[in-house]
Every structure is written in C-alpha cells, then in structure tokens.
Amino acid sequence: MSFPVLTIDGPSGAGKGTVSRAVAKKLGWNYLDSGSIYRALAIAVLEEGLKLDDVAAISELADKMRLEFECGDDLTVFLDGRDITGQLGLEETGNTASIVAAYPEVRAVLLQKQKDFKLSPGLVADGRDMGTVVFPDAEFKVYLTASAEERARRRYKQLIEKGIDANIDKITREIQERDQRDQQRKTAPLKKADDALLIDSSELTIEQVIDKVMNLVR
Numbered sequence: 018m019s020f021p022v023l024t025i026d027g028p029s030g031a032g033k034g035t036v037s038r039a040v041a042k043k044l045g046w047n048y049l050d051s052g053s054i055y056r057a058l059a060i061a062v063l064e065e066g067l068k069l070d071d072v073a074a075i076s077e078l079a080d081k082m083r084l085e086f087e088c089g090d091d092l093t094v095f096l097d098g099r100d101i102t103g104q105l106g107l108e109e110t111g112n113t114a115s116i117v118a119a120y121p122e123v124r125a126v127l128l129q130k131q132k133d134f135k136l137s138p139g140l141v142a143d144g145r146d147m148g149t150v151v152f153p154d155a156e157f158k159v160y161l162t163a164s165a166e167e168r169a170r171r172r173y174k175q176l177i178e179k180g181i182d183a184n185i186d187k188i189t190r191e192i193q194e195r196d197q198r199d200q201q202r203k204t205a206p207l208k209k210a211d212d213a214l215l216i217d218s219s220e221l222t223i224e225q226v227i228d229k230v231m232n233l234v235r
C-alpha cells in the first residue's frame, strides 16, 4: 500500500525544519528530519566507543538503531526510546556525523532507514536530497530557499537572542561556503528536483510559506 510523501529540500537556514514540522502537524502525517539521522548515528557510535574507521561495525549499528521524531513546538528526537535532542547540536556529534556520512555502506543503510518512515497516513520528509534521492517518486515536492544574506540575518538574530556574540559578515561567508560544498559534493548534491515547487522565503513570513506548501498538498 502506498502513502503520500511531501519532500521539503533546500539549503541550511531557509526555514525547512519549522515549515516541515508545522505542515506535518497540520496534516497529521509522520515527520522525518534526515539531518538528525546522521547525528543520531554519530551519538550511538560515540556511546558504543566504535572506531571511526570500522565501517562494518558502524553499518551494523546504523541498521539496529531505532529512531523516532516528535513534533511539539520543537523537535524531539528519540534514539532507542530515549531523548537525545540535547546532544544533536554538540560539536563532537556534528564532526562524527560528517565522518560516518562519508561511507557509502553507511549511507546505503541509512537510505533504507529513511524510506522506512513512509507510513500511514503520509510523510513529510525534510532534508537536502529527499526529493532527488530518497523519495524521487514523491507526490509533492518543495524546494525551499532564501538568499544567503537573509539566511545569515536569521541565524544572526537567533544567536543574538540566545546571548551569543556573532558577526553577520562571517555568518554570510560560512553560509555561502556551505552552499557551495553541498551543491558540489559527488554523493547526493543539494539541488532542486525538476518537479519541485520552488519557494523563495527571503521576503515571506513562515506563515506565508506554510500556506503555500499546504495549498500544494490540498
């Protein structure tokens, strides 16, 4: 039996997470945050004390781990039944995730893990390659973007509100470098699927973006 899938892809800072969670909640569909999958595996690898070059052991662990996402006001991620949300943003988690994500064998296991989230009554999948690689035959596809300057402004505002000192020019430069890396990588580069609706959120409120996505699904 087939269930509808809505993919929301795009660069970092375009508002994918907020929009995807809100739409999943409105539709009552399952939610997949693909970025958290690699970070969750990184947490599991660090806790098990695995060597970062032991690809077979990491792939086996990836296959075994159980992941759940809960969309409240914020995203809560559970690994094997316990809340790991607080560990997802740690520097060590990010660095380890970037190492394990480079192994094709690990990506293959996690690709299947992501496909397994396609359950009744439907799925909202948020990531970089959801509409191009993971769910190429999804019924609904969105590519959500915003200018690097606008994404930097949003990030700057977030950091300042948290009391963290930030430099907007540095953030803009980092965002542009990351975009370039993501678009030029060999495996699953960041790009708009041919059949995706392009939404530029630079001049839009979150509510306006959510309305556009809901109209597509309706």
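Numbering (my numbering), first residue to last: 18 to 235. Idealized CB from N, CA, C, for every residue including glycine. Just so it is clear, the structure is predicted and the values come from calculations on it, not from any experiment.
query, result
"Entirely within the segment 33-95 and at least 4 residues each: give me those alpha helix (DSSP H) ranges in chain order.", "33-44, 51-65, 72-81"
"Taking the runs of the beta strand (DSSP E) that are 3 residues or longer, which of them lie wholly in the segment 126-164?", "140-144, 157-162"
"Contact defined as beta carbons within less than 8 Å: I believe Ser29 pairs with Arg195. What is the distance between those atoms, to the nearest angstrom?", "6 Å"
"Under a three-way DSSP split, which group does Thr24 fall into?", "strand"
"Assuming Asp196 is part of the alpha helix (DSSP H), what are its boundary residues?", "185-201"
"Can you tell me where the alpha helix (DSSP H) with Asp228 in it begins and where it stops?", "223-234"
"Comparing alpha-carbon positions, which option in Ala114, Ile25, Thr35 lies nearest Tyr55?", "Ala114"
"Report buried or exposed for Arg83, applying the criterion of at least 16 other Cβ atoms within 10 angstroms of its Cβ.", "exposed"
"Alpha carbon to alpha carbon, how far is Val94 from Glu87? Give it in angstroms, no decimals.", "6 Å"
"Where do the ends of the alpha helix (DSSP H) carrying Ile116 lie?", "108-117"
"Can you tell me whether Ile181 is buried or exposed? The criterion is at least 16 other CB atoms within 10 Å of its CB, across all chains shown.", "exposed"
"Just how far apart, CA to CA, sit Glu156 and Lys229?", "16 Å"
"Beta-carbon separation of Val117 and Val126 under 8 Å?", "no"
"Hey, could you find the ends of the alpha helix (DSSP H) Leu214 is sitting in?", "Element bounds for Leu214: not the alpha helix (DSSP H) but the beta strand (DSSP E), 214-217."
"Run the CB neighbour count on Gly158, radius 10 Å, all protein chains shown included, and call it buried at 16 or more, exposed below.", "Reading off the sequence, residue 158 comes out as Lys, not Gly. Lys158 should be labelled buried."
"List the residues that DSSP assigns as beta-bridge partners of Asp100.", "Phe95"
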